[in-house]
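Quick note on our numbering: the sequence shown kicks off at 75 and runs consecutively.
Glycine included, C-beta positions come from ideal geometry on N, C-alpha and C.
A quick write-up on the structure given underneath.
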Amino acid sequence: MTLTTEETRPAATVTPDVVPDGPGAPAEQRRTTSSLHARDVFALLGSAAAAVALTATLFDRVLPFDGSLGFAVVLYLAFMALYAVLISLDENGATIRARLAQAVVHALALLLLAALLFIVGYALWRGREALPHLNFFTEDMSGTGPLQPITDGGMLHAIVGTLQQIGISLLITVPLGLACAVFLNEVPGRYARFVRTIVEAMTALPSIVAGLFIYATAILALGLGKSGFAAALALSVMMLPIIIRASDVVIRLVPGSLREASYALGAGQWRTVWTVVLPTARSGLTTAVILGTARGIGETSPVLLTSGAATGLNLNPFEGPQTSLPLATFTLVASPEKNMIARGFGCAALLMALVLLLFLLARVIGGRGPGQLSRSQQRRRAAASLRDLERMGAGTDGPAAVPGPAEEPGTPPPPVG
């Protein structure tokens, strides 16, 4: 049989499109996935420089304008216009709108950050004369007059008052708020919708109304008297709807499949809520408590109506007037004396530090995700596993194998052979 030329021709060798590795191979060109390119940076810098030059020319040579606020507004508008013109040279309309929206969002974020830094820095700067002195944290103002130096007197009474009032408020609002949020999610119906409507309306309740409510009911009607406990009740009225509303939203986000899995294993509704829903939403519930605390810790008018003002330390929140840090700040800043104003701004700085401390503490307590156990919880879980093994071994003929130090608690014992 004779083979044709086509059949005797060797098959073409297919070379792979992959560059082989080796000392002589060219370097691999990696693709960049970043959305920021050099031309975008140049467009931003060029627009900023041109906007500064254009705004300075308009304010100095053309328009009879002055003032830093007007300069900033014209500068921003000029920057946005020039930035839109520059990116329109290379991009389409959709990309231009996206870049402008991105610039607006970043500008708002920087504006809010600048405002926050200004508020914190201003309070620290105005209170710099009072904060370095130890007596500011260890003494009260019972024997200090407005003309005495900054080295006399302190804000210990306001610190203690704030801690006691917010502590009592948390003891009242956290159980009630979480229980109400669970009720709104686990017991749906007309009454739950009515309660949710009332809670949403109370989130916008003015603080002076809450103070007047406690003043009329607890002080005038019940004869409680002005005290830190009455102030804590007024703060609880402010904090409770915030905690309920935020906790309600967080519990709604728990996946329904987790509840269904718990029901499938034989757990009841409230057992599922206690062991599945609340641990899953722990981080969000912590955030809800932080939001409520932040609402109540800075209120002044409810404390002024229900607690009164005091210059001495009062460790009993159920009797006598008790001052808080916001109320002390309001009182001291209104004074014409320089030292009193410095003490007032020092109180404001202390209040911000206290809020930050409470936030960090809440993050430590509730910052772990679902299923993540602390070291003490892991030790308790291991001890419970050992007790279960001993209990199960007591009902059999032979003793149960107790895991050694190198074994994990809960692992089956090795076969006996």
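Close-in-space but distant-in-sequence residues of the same chain around L252 (CB under 7 Å, 5 per side omitted)
One-based indexing of the sequence shown puts residue 252 at position 178. Only S321 and L359 meet the Cβ criterion.
Excluding the five sequence neighbours on either side, which residues of its own chain have a C-beta within less than 6 Å of the C-beta of A306, listed in chain order?
Here the question's residue 306 lines up with position 232 in the sequence shown. The answer, listed in chain order, is Q239, I242 and S243.
Using CA coordinates, which residue listed in P376, N259 and V350 is at the minimum distance from V311?
By one-based count along the sequence shown, residue 311 stands at place 237. Ranking the options by Cα distance to V311, first place goes to P376.
Terminal residues of the alpha helix (DSSP H) in which W199 lies
The sequence position of residue 199 within the sequence shown is 125, counting from 1. Residues G167 to R200.
Using DSSP with H/G/I as helix, E/B as strand and the rest coil, what is T277?
Taking the sequence shown and counting its residues from 1, one reaches residue 277 at position 203. In the structure shown, T277 adopts coil according to DSSP, grouped into three states.
CA nearest to the CA of S336, picked from I325, T349 and R326:
In the sequence shown, residue 336 corresponds to position 262, counting from 1. S336 has its Cα closest to that of T349, out of I325, T349 and R326.
Enclosing alpha helix (DSSP H) for S243 [first to last residue]
Numbered from 1 along the sequence shown, position 169 holds the residue referred to as residue 243. Run containing S243: L230 to E260, per the alpha helix (DSSP H) assignment.
Roughly how many angstroms lie between the CA atoms of W515 and V261, to the nearest whole one?
Examination of residue 515 is not possible in this model, given that the chain is present from 75 through 491 alone.
Applying the criterion that 16 or more other CB atoms from any shown protein chain within 10 Å of the CB defines a buried residue, is L296 buried or exposed?
The count along the sequence shown starts at 1 and reaches residue 296 at position 222. Sixteen is the threshold: since fewer than 16 other Cβ atoms of the shown chains lie within 10 Å of the Cβ of L296, the residue is exposed.
Count Cβ pairs between the stretch 421–437 and the stretch 448–455 that sit closer than 8 Å; are there 3 or more?
When C-beta atoms of the stretch 421–437 are compared with those of the stretch 448–455, fewer than three pairs fall below 8 Å, so the two segments do not count as touching.
Taking R270 as the reference, give the member of P315, L160, I282 and A468 with the closest Cα.
By one-based count along the sequence shown, residue 270 stands at place 196. Ranking P315, L160, I282 and A468 by Cα distance to R270 puts P315 first.
Through-space distance from G330 to T374, alpha-carbon basis
Sequence index remark: in the sequence shown, residue 374 carries index 300 (1-based). Sequence index remark: in the sequence shown, residue 330 carries index 256 (1-based). When only Cα atoms are considered, T374 and G330 end up about 42 Å apart.
Applying the criterion that 16 or more other CB atoms from any shown protein chain within 10 Å of the CB defines a buried residue, is F139 buried or exposed?
Taking the sequence shown and counting its residues from 1, the one referred to as residue 139 is at position 65. Answer is exposed; the Cβ neighbour count stays below 16.
Quick check on this structure: which residue in D114, A127 and A275 has the alpha carbon closest to the alpha carbon of A177?
For this step, residue 177 is matched to residue 103 along the sequence shown. Minimum Cα distance to A177 is reached at D114.
Below 7 Å CB to CB, which residues in the same chain sit around L205 once its five sequence neighbours on both sides are set aside?
Your numbering for residue 205 matches position 131 in the sequence shown. So the list reads G420 and A423, once near-sequence residues are dropped.
Nearest to Y224 by CA position, among S459, R453 and N413, is which residue?
For the purposes of this step, residue 224 is taken as residue 150 along the sequence shown, with counting starting at 1. It should be pointed out that residue 224 corresponds to Ile in this sequence rather than to Tyr. Closest by alpha carbon: N413.
Less than 8 Å between C-beta atoms, sequence neighbours within five positions excluded: which residues of the same chain meet that for P220?
Looking up residue 220 in the sequence shown gives position 146. Contacts found: S409, E411, N413 and M414.
Separation of D164 from A125, as counted between CA atoms:
Numbered from its first residue, the sequence shown carries residue 125 at position 51. Numbered from its first residue, the sequence shown carries residue 164 at position 90. So the alpha carbons of these two residues sit roughly 20 Å apart.
L185 to V147 span [Cα, whole Å]:
Within the sequence shown, residue 185 is the residue found at index 111, counting from 1. Within the sequence shown, residue 147 is the residue found at index 73, counting from 1. In this model, L185 and V147 are separated by some 12 Å (Cα to Cα).
Would you call the stretch 377–394 in contact with the stretch 285–301, where contact means no fewer than 3 C-beta pairs closer than 8 Å?
Touching, yes, given that three or more Cβ pairs across the two stretches are closer than 8 Å.
Assign Q451 to one of three DSSP states: helix, strand, or coil.
To locate residue 451, count along the sequence shown from 1; it is residue 377. Correct three-state label for Q451: helix.
So, using beta-carbon positions, are Q396 and S301 closer together than 8 Å?
The residue given as residue 396 occupies position 322 in the sequence shown. The residue given as residue 301 occupies position 227 in the sequence shown. Yes. Within cutoff.
With DSSP collapsed to three states, give me the class of T218.
Residue numbering aside, residue 218 sits at position 144 when the sequence shown is read from its first letter. Residue state, collapsed to three classes: coil.
Is DSSP giving L432 helix, strand or coil here?
One-based indexing of the sequence shown puts residue 432 at position 358. Three-state result, L432: helix.
Are the Cβ atoms of H231 and L387 separated by less than 8 Å?
Position 157 of the sequence shown holds residue 231. Position 313 of the sequence shown holds residue 387. Note that the C-beta distance between H231 and L387 is below 8 Å.
Buried or exposed by the 16-neighbour rule on C-beta atoms within 10 Å, applied to D214:
As a working mapping, residue 214 is identified with position 140 in the sequence shown. Buried.
What's the C-alpha gap between A458 and A338?
For the purposes of this step, residue 458 is taken as the residue at position 384 of the sequence shown. For the purposes of this step, residue 338 is taken as the residue at position 264 of the sequence shown. When rounded, the distance between both Cα atoms is 24 Å.
For F153, count neighbouring C-beta atoms within 10 Å of its own C-beta (all shown protein chains included) and say buried if the count is 16 or more, exposed if not.
Counting from one through the sequence shown, the residue named residue 153 turns up at place 79. By the 10 Å Cβ count, F153 comes out buried.
What three-state label does DSSP hand E373 in the structure shown?
Position 299 of the sequence shown holds residue 373. Residue state for E373 is assigned as coil, using DSSP reduced to three classes.
Alpha carbon to alpha carbon, how far is A304 from I293? Give it in angstroms, no decimals.
Numbered from its first residue, the sequence shown carries residue 293 at position 219. Numbered from its first residue, the sequence shown carries residue 304 at position 230. The alpha-carbon separation between I293 and A304 amounts to approximately 8 Å.
How far does the alpha helix (DSSP H) with N209 in it reach, from first residue to last?
By one-based count along the sequence shown, residue 209 stands at place 135. Per DSSP, the continuous alpha helix (DSSP H) segment holding N209 begins and ends at N209 to T212.
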